[in-house]
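Trainee:
There are 2 protein chains.
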Amino acid sequence: MPRASVIGVGMTPFGVHEATLPELFAEAAFPAFDDAGISAGEIDALYFGNAMGGQTENDTHLAPTLTSHVGLAGVPAQRFEDACATSSNAFKHAVEAVEAGLHDTVLVGGVERCTPETGLGTGAMTRIFASASHRQYEQPSGLTFPGVFALLTKRHMYEHGTTDEQLAHVAVKNHANGTLNPRAHFGRDVTTDDVLDSPTVADPFHLFDCCPFSDGAAAAIVTSADTGASFDGDGVAVTGIGHATDVVPLADKTHPSTTQAARDAAAEAYEQADTDGTVMDLAEVHDCFTGAEVMASEALGLVETGDGGPAAAEGRTSLEGEIPINPSGGLKAKGHPIGATGVAQIVELTEHLRGEANDRQVDDATKGVAHNLGGDAATTVVTVMEAGT
Amino acid sequence: MPRASVIGVGMTPFGVHEATLPELFAEAAFPAFDDAGISAGEIDALYFGNAMGGQTENDTHLAPTLTSHVGLAGVPAQRFEDACATSSNAFKHAVEAVEAGLHDTVLVGGVERCTPETGLGTGAMTRIFASASHRQYEQPSGLTFPGVFALLTKRHMYEHGTTDEQLAHVAVKNHANGTLNPRAHFGRDVTTDDVLDSPTVADPFHLFDCCPFSDGAAAAIVTSADTGASFDGDGVAVTGIGHATDVVPLADKTHPSTTQAARDAAAEAYEQADTDGTVMDLAEVHDCFTGAEVMASEALGLVETGDGGPAAAEGRTSLEGEIPINPSGGLKAKGHPIGATGVAQIVELTEHLRGEANDRQVDDATKGVAHNLGGDAATTVVTVMEAGT
Chain A
1 MPRASVIGVG
11 MTPFGVHEAT
21 LPELFAEAAF
31 PAFDDAGISA
41 GEIDALYFGN
51 AMGGQTENDT
61 HLAPTLTSHV
71 GLAGVPAQRF
81 EDACATSSNA
91 FKHAVEAVEA
101 GLHDTVLVGG
111 VERCTPETGL
121 GTGAMTRIFA
131 SASHRQYEQP
141 SGLTFPGVFA
151 LLTKRHMYEH
161 GTTDEQLAHV
171 AVKNHANGTL
181 NPRAHFGRDV
191 TTDDVLDSPT
201 VADPFHLFDC
211 CPFSDGAAAA
221 IVTSADTGAS
231 FDGDGVAVTG
241 IGHATDVVPL
251 ADKTHPSTTQ
261 AARDAAAEAY
271 EQADTDGTVM
281 DLAEVHDCFT
291 GAEVMASEAL
301 GLVETGDGGP
311 AAAEGRTSLE
321 GEIPINPSGG
331 LKAKGHPIGA
341 TGVAQIVELT
351 EHLRGEANDR
361 QVDDATKGVA
371 HNLGGDAATT
381 VVTVMEAGT
Chain B
1001 MPRASVIGVG
1011 MTPFGVHEAT
1021 LPELFAEAAF
1031 PAFDDAGISA
1041 GEIDALYFGN
1051 AMGGQTENDT
1061 HLAPTLTSHV
1071 GLAGVPAQRF
1081 EDACATSSNA
1091 FKHAVEAVEA
1101 GLHDTVLVGG
1111 VERCTPETGL
1121 GTGAMTRIFA
1131 SASHRQYEQP
1141 SGLTFPGVFA
1151 LLTKRHMYEH
1161 GTTDEQLAHV
1171 AVKNHANGTL
1181 NPRAHFGRDV
1191 TTDDVLDSPT
1201 VADPFHLFDC
1211 CPFSDGAAAA
1221 IVTSADTGAS
1231 FDGDGVAVTG
1241 IGHATDVVPL
1251 ADKTHPSTTQ
1261 AARDAAAEAY
1271 EQADTDGTVM
1281 DLAEVHDCFT
1291 GAEVMASEAL
1301 GLVETGDGGP
1311 AAAEGRTSLE
1321 GEIPINPSGG
1331 LKAKGHPIGA
1341 TGVAQIVELT
1351 EHLRGEANDR
1361 QVDDATKGVA
1371 HNLGGDAATT
1381 VVTVMEAGT
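Heads up: the protein sequence lines correspond to chains A and B, in order.
Residues in the first sequence are numbered consecutively from 1, following this note's numbering.
Residues in the second sequence are numbered consecutively from 1001, following this note's numbering.
This is how it looks when you write it as C-alpha cells:
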C-alpha cells in the first residue's frame, strides 16, 4: 500500500559548483516544483538534509534560509544530519509526516559542497569527513573512511573469497552507467586494468574503487497517496522505508561484513511493502567504495550473501543484467555531495519507475529499492518505491 | 487532548563539563530512564539534537554513537540541527512519531559543549555561533548574535518605550530564579545596578543582559498518551506544538520586534491545545538576551504587546507574579548549551506540572508553555504541556 507519493523531482548536475548552498539548493528545488506542476504556495513544509555546512562554510541553521530562498518563507523547516545518510533521513520523516496527515505536500531536499570550491584543501576536508567516524575510538587512530570500508571489505574477502578484480568490475560498471547520465560527476569509461593499476588508497581499494566528493543538490516533492493524483506530476509510490542503526566503531560490530543495519532496515522496508530483494527491478545503493556496493547488494537480498563480487564480475548487476545496481552511476561515477546523496537516489528511482531515465532506463521497471548509509555503516535507510501512485 | 505524554526527564547541571558528548548525554538519559521507571529495551527510537559538535569537536553522526552509549544500539536515531531551536525540533518530531503510532516510546535529548572545555577560545566560538545567522548577508558584516538581538530590542524600545531598566529587571528576576535551581550555571543574585553598570556588549545590552554559553545535556522519555499510564513515571501531557520559520536576515523581516515566527508557532500550539497565553501558569522562554524574553512574553500572549518591559519591572513575571516566566532561571541564569536548551525547557515544565520543582515550584501549576527560538528568531517551536497524562 502506498505510504506517500513522489510527484516531482529535481537535481543539479553533481560535480564542482560555485553557487552558494541556497542557490545550489534552488537549482534542484525549482525543477522539482515544475516537474510536479506545483507552486510554492501549495507546499506545507521543508524536510532538509545537509551534513557539513557548518564545518565547510560556517553555514548552519540552513533550513529557514533555504525555505525563504525558494519562496516558502514561514513554513516549518528543519535540518537533518546523519553523515552520508542525511537526506534519506529527511525523506523518511517527510513520508511519515505526510502519511500521518501532518502535512499534505512537502519539499524534501539535500545540498552539499565538498570540493575545493569551499576554499578547503584535501587535509581539512579529510578531517571534516572523518568527523562521522567515532570521535573517541577511531579519529585518534587516523582511521578515515577509505580505511573503514577497506577493513570491512577485507573481512568480506576473507569470508567469501571476494577478489580485487570483482571489486574493479563494480567500478567499471558504475563508470559505464555514468557515461549515460548527463548529471554524473564522471562521464567516461574505465577498464578493470585502469582500476587495478590506479594508486592504492587503502588496501584493497585503488583510487578508482573510491567515489569522489562532489557539490550538488537534489529535491523531491512528497504528497499523500490520496492527493497525489490531483497534481500534474506523475506519481511514484513509496511503499516502504526502513531505518536502523548499528554501533559505530568497527571494533564493536558483531559481524562487520554483514552490515547489520542495512539488513535490519531492508527487513523493515520490505515488510512494509510486502516484498523482498529478489523481485526488485533496480537498486540505487551506497557505493562510496566498490566493496560497499558488494556488501549492500547482499544485505538488500538482491544477491545471496557472498555472491556480491561474482554478481558484479559476471555482469548480473549491470544495466542489462538480472538486477541493475546503480544505473545512475552510483556515488562512484554520479558523485557524492554528502547531504544530497540520499534524495538523489530517490530522484533516480523516480525517473526509472516513470520510464523517464532515457539512455540508462531499466526496461519495464516497476519496483526499485534505495540504500543510503552513513558513517561506519552505522546508519542505514532503505526505501522501496513502486510505479504508479 | 493529549498528543503524547512525557513520563521521565533528566538533565545535567548546566555549566562547565569535561565529559565527552556521549558521556554527558548519558548523564541526562539515565536519570530520565530511572524517572520513567523504564529500561533501555522498552525504548524504540532516539530523537536527538546537537547544534555544533561538528564545528566544536569534529564530532558528527552522533545519533548512533549516543544510541549505543545508552544501551539502545540498533534503534532508529537521527540528529536535528536548527541552531538554538535544535532539540525542541527533535522533541516535536518525537511527539509526532508517537502520536502517529510509528513508535510507542522514544528517548528525546540534546547535548552541547560550548565552553573552553572544547579547546576553543572566544574568537573561534564567536565565529561558530555566528554560523546560524545569514551566511551571505550578515556574517560578512560581523553581525553576531548580541548585535542581532540588540537591533531587534532597539526597535522594540523605539516602538513601545521599553527601557534599559526594564530589561535589567529581566536579568535580576532570572538570576534570582537561578539561585533556586541547583542545576543553574549561575547561582547568585544580581541587582539592576549590577546589570546597568556591567560593560556594554551591544547597545542596549550590558554583559548581564546576555546569557552564557554552557555545557550540558537534557533528556525526556515520550510515550503515547494511551500507554503512558502503564509506566511508573508520572506523566505530563503534551497538548500542542507549533513550529514556524521566518526569513533569516533582520533586514528582510517585515516587522522585526513582533518575532513573527513565535506568534505563528504559538497560534498553532494554542489551537491544538484549545488554549491561549492568558491562562498559562508558567512559561519557559528563550531569553538568550533580556530583550528576547520581553519580545517572547508578548508573542506568546502572556502579556499584551508592548507590555513586556513593564511586566518584568513590576514583578508580574516573577516566581510569585501573575505569570512566572523562566522559573528555571532561563538561559540567562540556568545557562545555554545550545542543542540541549529546548529539551531542558521541557524538563522544567514537566517538573512544575508534577509539583516537583522544589524551591522554585510555581503554585498550582497545571498548564505551561515553552518557547525555543533559533538564529535570528527565524525558527521557533512553541510547546504547551498540561498536568496529568
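Using N, Cα and C, we set each Cβ at its ideal position, and we do this for glycine too.
For the putative contact between residue 87 of chain A and residue 54 of chain A, defined by C-beta atoms under 8 angstroms, what is the C-beta separation to the nearest angstrom?
Mentor: The count along the first sequence starts at 1 and reaches residue 87 of chain A at position 87. The count along the first sequence starts at 1 and reaches residue 54 of chain A at position 54. Actually they do not touch by this definition, with Cβ atoms about 16 angstroms apart.
Trainee: Leaving aside the five residues before and after residue 1257 of chain B along the sequence, list all residues of the same chain whose C-beta is less than 7 angstroms from its C-beta, in chain order.
Mentor: Working through the second sequence from its first residue, we reach residue 1257 of chain B at position 257. So the list reads 1152, 1155, 1156, 1159 and 1295, once near-sequence residues are dropped.
Trainee: If you draw a straight line from the alpha carbon of residue 342 of chain A to that of residue 1302 of chain B, how long is it in whole angstroms?
Mentor: For the purposes of this step, residue 342 of chain A is taken as the residue at position 342 of the first sequence. For the purposes of this step, residue 1302 of chain B is taken as the residue at position 302 of the second sequence. In a straight line, the C-alpha of residue 342 of chain A is about 43 angstroms away from that of residue 1302 of chain B.
Trainee: Please report how far the alpha carbon of residue 101 of chain A lies from the alpha carbon of residue 1187 of chain B, in whole angstroms.
Mentor: Indexing the first sequence from 1 puts residue 101 of chain A at position 101. Indexing the second sequence from 1 puts residue 1187 of chain B at position 187. Cα to Cα, the separation comes out at about 45 angstroms.
Trainee: Return the residues of the region 50-70 of chain A that lie within a Cβ-Cβ distance of less than 9 angstroms from chain B, sorted by chain order.
Mentor: 50, 51, 52, 53, 54, 55, 57, 58, 59, 60, 61, 62, 63, 64, 65, 67 and 68
Trainee: Got a sec, what are the start and stop residues for the beta strand (DSSP E) residue 1029 of chain B sits in?
Mentor: Looking up residue 1029 of chain B in the second sequence gives position 29. Per DSSP, residue 1029 of chain B lies in no beta strand (DSSP E); the unbroken alpha helix (DSSP H) holding it starts and ends at 1021-1036.
Trainee: Output yes if chain B places a C-beta closer than 7 angstroms to the C-beta of residue 223 of chain A; else output no.
Mentor: Walking along the first sequence from the start, residue 223 of chain A turns up at place 223. Residue 223 of chain A does not count as touching chain B.
Trainee: Output needed in chain order: residues of the region 136-156 of chain A with a Cβ under 9 angstroms from some Cβ in chain B.
Mentor: Identification of residues in the region 136-156 of chain A having a C-beta nearer than 9 angstroms to some C-beta of chain B yields 136 and 139, given in sequence order.
Trainee: Just to make sure I have the definition right: I need the residues of chain B whose C-beta is within less than 7 angstroms of the C-beta of residue 374 of chain A. Which are they?
Mentor: Within the first sequence, residue 374 of chain A is the residue found at index 374, counting from 1. Going along chain B in sequence order, the residues near residue 374 of chain A (Cβ under 7 angstroms) are 1061.
Trainee: Compute the Euclidean distance between the alpha carbons of residue 354 of chain A and residue 35 of chain A, then round it to the nearest angstrom.
Mentor: The residue you call residue 354 of chain A lines up with position 354 of the first sequence. The residue you call residue 35 of chain A lines up with position 35 of the first sequence. Roughly 12 angstroms separates the two Cα atoms.
Trainee: Taking C-beta to C-beta, are residue 245 of chain A and residue 261 of chain A nearer than 7 angstroms?
Mentor: On the first sequence, position 245 is the one that residue 245 of chain A refers to. On the first sequence, position 261 is the one that residue 261 of chain A refers to. Going by C-beta atoms, residue 245 of chain A is nearer than 7 angstroms to residue 261 of chain A.
Trainee: Can you tell me which residues form a DSSP beta bridge with residue 1386 of chain B?
Mentor: Locating residue 1386 of chain B in the second sequence gives position 386, counting from the first residue. Answer by DSSP bridge pairing, in chain order: B/1237 and B/1367.
Trainee: Is residue 332 of chain A near the ligand SAM, judged by its Cβ being under 6 angstroms from some heavy atom?
Mentor: Annotation note on the ligand SAM: not contained in the displayed structure, which lists no ligands.
Trainee: Please list, in chain order, the chain A residues whose beta carbon lies closer than 7 angstroms to that of residue 1089 of chain B.
Mentor: Walking along the second sequence from the start, residue 1089 of chain B turns up at place 89. Per Cβ cutoff of 7 angstroms: 78.
Trainee: Relative to the alpha-carbon of residue 284 of chain A, which residue among A/52, A/349 and A/74 has its alpha-carbon at the smallest distance?
Mentor: Position 284 of the first sequence, counted from the first residue, corresponds to residue 284 of chain A. The shortest Cα separation from residue 284 of chain A among A/52, A/349 and A/74 belongs to A/349.
Trainee: Which of the three DSSP states, helix, strand or coil, is assigned to residue 1107 of chain B?
Mentor: Translated into positions along the second sequence, residue 1107 of chain B becomes position 107. Here residue 1107 of chain B sits in strand by DSSP.
Trainee: Under the three-state reduction of DSSP, which class applies to residue 59 of chain A: helix, strand or coil?
Mentor: Reading the first sequence from its first residue, position 59 is the one you call residue 59 of chain A. Residue 59 of chain A falls in the coil class under three-state DSSP.
Trainee: What are the residues that DSSP puts in a beta bridge with residue 47 of chain A?
Mentor: To locate residue 47 of chain A, count along the first sequence from 1; it is residue 47. In DSSP, residue 47 of chain A forms a bridge with A/78 and A/108.
Trainee: Compare the C-alpha of residue 1063 of chain B against each of A/388, A/46, A/374 and A/312 and name the closest.
Mentor: Here the question's residue 1063 of chain B lines up with position 63 in the second sequence. Of the candidates A/388, A/46, A/374 and A/312, the one whose C-alpha sits nearest the C-alpha of residue 1063 of chain B is A/374.
Trainee: Name, going along the chain, the residues of the region 1247-1280 of chain B whose beta-carbon falls closer than 7 angstroms to a beta-carbon of chain A.
Mentor: 1247, 1248 and 1264
Trainee: So is residue 1243 of chain B in contact with chain A if we call contact Cβ pairs under 7 angstroms?
Mentor: Position 243 of the second sequence, counted from the first residue, corresponds to residue 1243 of chain B. So yes, residue 1243 of chain B belongs to the interface.
Trainee: Excluding the five sequence neighbours on either side, which residues of its own chain have a C-beta within less than 6 angstroms of the C-beta of residue 45 of chain A, listed in chain order?
Mentor: In the first sequence, residue 45 of chain A corresponds to position 45, counting from 1. Closer than 6 angstroms at Cβ, skipping near neighbours: 75, 76, 103 and 106.
Trainee: Tell me which residue opens and which closes the alpha helix (DSSP H) that residue 1346 of chain B is part of.
Mentor: On the second sequence, position 346 is the one that residue 1346 of chain B refers to. Its alpha helix (DSSP H) spans residues 1341-1353.
Trainee: Can a CB atom of chain A be found closer than 7 angstroms to the CB of residue 1292 of chain B?
Mentor: Counting from 1 along the second sequence, the entry for residue 1292 of chain B is found at position 292. Not one chain A Cβ lies under 7 angstroms of residue 1292 of chain B.
Trainee: From residue 60 of chain A to residue 221 of chain A, what does the alpha carbon distance come to, in whole angstroms?
Mentor: Within the first sequence, residue 60 of chain A is the residue found at index 60, counting from 1. Within the first sequence, residue 221 of chain A is the residue found at index 221, counting from 1. Using only the alpha carbons, I get a separation of about 23 angstroms.
Trainee: Helix, strand or coil for residue 215 of chain A per DSSP?
Mentor: Along the first sequence, one-based indexing puts residue 215 of chain A at 215. Strand at residue 215 of chain A.
Trainee: Taking Cβ positions, are residue 237 of chain A and residue 386 of chain A nearer each other than 7 angstroms?
Mentor: Here residue 237 of chain A refers to the residue found at position 237 of the first sequence. Here residue 386 of chain A refers to the residue found at position 386 of the first sequence. Their beta carbons are under 7 angstroms apart, which means residue 237 of chain A touches residue 386 of chain A by this criterion.
Trainee: Between the Cα of residue 137 of chain A and the Cα atoms of B/1314, B/1304 and B/1065, which residue gives the shortest distance?
Mentor: Here residue 137 of chain A refers to the residue found at position 137 of the first sequence. Among B/1314, B/1304 and B/1065, the Cα nearest to that of residue 137 of chain A belongs to B/1065.
Trainee: In the DSSP assignment, what residue or residues form a beta bridge with residue 11 of chain A?
Mentor: Numbered from 1 along the first sequence, position 11 holds the residue referred to as residue 11 of chain A. A/218.
Trainee: Can you say whether residue 1122 of chain B is buried or exposed, counting buried as having 16 or more other CB atoms within 10 angstroms of its CB?
Mentor: On the second sequence, residue 1122 of chain B is found 122 positions in, with the first residue counted as 1. It counts as exposed.
Trainee: Thinking just about the alpha-carbon of each residue, which of A/241, A/113, A/338 and A/329 is nearest to the one in residue 99 of chain A?
Mentor: As a position in the first sequence, residue 99 of chain A is number 99, starting the count at 1. Closest option to residue 99 of chain A, Cα to Cα, is A/241.
Trainee: Mapping DSSP to helix, strand and coil, what is residue 1284 of chain B?
Mentor: On the second sequence, residue 1284 of chain B is found 284 positions in, with the first residue counted as 1. It is a strand residue.
Trainee: Let me see if you follow: with CB-CB separation under 7 angstroms, is residue 1035 of chain B close to chain A or not?
Mentor: Residue numbering aside, residue 1035 of chain B sits at position 35 when the second sequence is read from its first letter. Judged by the 7 angstroms Cβ criterion, residue 1035 of chain B is not in contact with chain A.
Trainee: CA-CA distance, residue 1080 of chain B and residue 38 of chain A?
Mentor: Within the second sequence, numbered from 1, the residue matching residue 1080 of chain B stands at position 80. Within the first sequence, numbered from 1, the residue matching residue 38 of chain A stands at position 38. One C-alpha to the other measures close to 28 angstroms.
Trainee: Assuming residue 1200 of chain B is part of the beta strand (DSSP E), what are its boundary residues?
Mentor: Position 200 of the second sequence, counting from 1, holds the residue named residue 1200 of chain B. Here the beta strand (DSSP E) through residue 1200 of chain B covers 1200-1202.
Trainee: Which residues does DSSP pair with residue 373 of chain A in a beta bridge?
Mentor: Here the question's residue 373 of chain A lines up with position 373 in the first sequence. Partner(s): A/380.
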